[in-house]
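Novice: Sharing a structure, written as structure tokens. Questions coming.
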Amino acid sequence: AGDGSEWRFAWTLGGGLKVALPNPRVGLRVDARWMVTPVPSGDYATWCDAWGCYAAGGRTWLHQGQASGGLTFAF
59 AGDGSEWRFA WTLGGGLKVA LPNPRVGLRV DARWMVTPVP SGDYATWCDA WGCYAAGGRT
119 WLHQGQASGG LTFAF
């Protein structure tokens, strides 16, 4: 884009659990998410072989996470 922004591939892995307590109208809820985005590391490698010369940009991985929990009430 012309505004200096870039698109990057990323993925998210997550899961959660909801558990009923002895009182059927009250429960516990927990969930967690892990998000990963590859970003350029600024390192570059070059190599040559019989078919030509190549260059590749290095990458590092940006890890982010989120966790939450709470009580649930049924009315």
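Numbering (the numbering used here), first residue to last: 59 to 133.
For every residue, glycine included, the Cβ atom is placed at its ideal position computed from N, Cα and C.
State the CB to CB distance for the pair Gly123 and Arg83, rounded to an integer number of angstroms; the pair is presumed to be in contact (CB under 8 angstroms).
Specialist: Walking along the sequence shown from the start, residue 123 turns up at place 65. Walking along the sequence shown from the start, residue 83 turns up at place 25. Not a contact, Cβ separation roughly 31 angstroms.
Novice: Contact between the region 101-114 and the region 65-75: three or more CB pairs below 8 angstroms?
Specialist: No: fewer than three Cβ pairs fall under 8 angstroms.
Novice: DSSP three-state call for Ser63: helix, strand or coil?
Specialist: Translated into positions along the sequence shown, residue 63 becomes position 5. Note: Ser63 maps to coil in three-state DSSP.
Novice: Taking 7 angstroms as the threshold (C-beta atoms), are Val94 and His121 in contact?
Specialist: Translated into the one-based positions of the sequence shown, residue 121 becomes position 63. Translated into the one-based positions of the sequence shown, residue 94 becomes position 36. In contact: His121 and Val94 (Cβ atoms closer than 7 angstroms).
Novice: DSSP three-state call for Pro96: helix, strand or coil?
Specialist: Translated into positions along the sequence shown, residue 96 becomes position 38. Three-state result, Pro96: strand.
Novice: Excluding the 5 residues preceding and the 5 following Thr130 in the sequence, name in chain order all residues of the same chain whose CB lies nearer than 8 angstroms to its CB.
Specialist: Counting from 1 along the sequence shown, the entry for residue 130 is found at position 72. Excluding positions up to five away in sequence, the list reads Lys76, Val84, Gly85, Leu86 and Arg87.
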